[in-house]
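For the sequence shown, numbering that gives the first Met the number 0 begins at 0 and goes up steadily by one. Even glycine gets a Cβ: it sits at the ideal position worked out from N, Cα and C.
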Amino acid sequence: MPQVLTGDSKGNSSFRVKCDDFKAGSIKVTVPDSFPYKQAGKADVTAAITVKSGNNIITPTNKVCVYNITTTNGLSAGCWQGSFNIGLTLTKE
0 MPQVLTGDSK GNSSFRVKCD DFKAGSIKVT VPDSFPYKQA GKADVTAAIT
50 VKSGNNIITP TNKVCVYNIT TTNGLSAGCW QGSFNIGLTL TKE
């Protein structure tokens, strides 16, 4: 589930995890609370990940989870990069 996220001028963005054709059971979505944005020669900037909707669970009636990424101290000019993993756990009913 690779994704490329582009933040706004303050480093804020959002992403979603979606399953359109899900018939039974549930999928628990796991994301970290935060991750570092990095740029050579500059101090790392911490980005927080928070749940916007979906409550970390995909079900036949809730097919999408949306998350916000925010930074409190913002990003300066340049090319910042960061990465994190999205975990999925399927529970069959």
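Using beta-carbon positions only, say whether residue i and residue j come within less than 9 Å of one another.
i: Ala-46; j: Gly-81; result: yes
i: Thr-29; j: Thr-49; result: no
i: Asn-72; j: Ser-12; result: no
i: Thr-88; j: Lys-27; result: yes
i: Cys-18; j: Val-65; result: no
i: Val-44; j: Leu-74; result: yes
In whole angstroms, give me the CA-to-CA distance for residue i and residue j.
i: Val-16; j: Ile-85; result: 9 Å
i: Ser-52; j: Trp-79; result: 26 Å
i: Ser-8; j: Lys-37; result: 15 Å
i: Thr-60; j: Gly-10; result: 32 Å
i: Asp-32; j: Phe-83; result: 10 Å
i: Glu-92; j: Phe-14; result: 27 Å
i: Phe-34; j: Gly-6; result: 14 Å
So the candidates are the options; which of them puts its Cα closest to the Cα of residue i?
i: Ala-76; options: Ala-23, Ala-42, Cys-18; result: Ala-42
i: Ile-57; options: Thr-90, Gly-6, Phe-83, Gly-10; result: Thr-90
i: Asn-54; options: Glu-92, Pro-35, Ser-25; result: Ser-25
Would you give the residue range spanned by the beta strand (DSSP E) that residue i belongs to?
i: Thr-88; result: 86 to 90
i: Phe-21; result: Unbroken run through Phe-21: none, as it is neither H nor E.
i: Ser-33; result: 33 to 36
Kindly indicate if chain D contains any beta-carbon less than 9 Å away from that of residue i.
i: Ala-47; result: The structure shown contains no chain D, having only a single protein chain.
* To do: Write down every uninterrupted run of the beta strand (DSSP E) in the stretch 38 to 88 whose length is 3 residues or greater and which is fully enclosed by it, in chain order.
  => DSSP runs (the beta strand (DSSP E)) wholly in the stretch 38 to 88: 44 to 52, 63 to 70.
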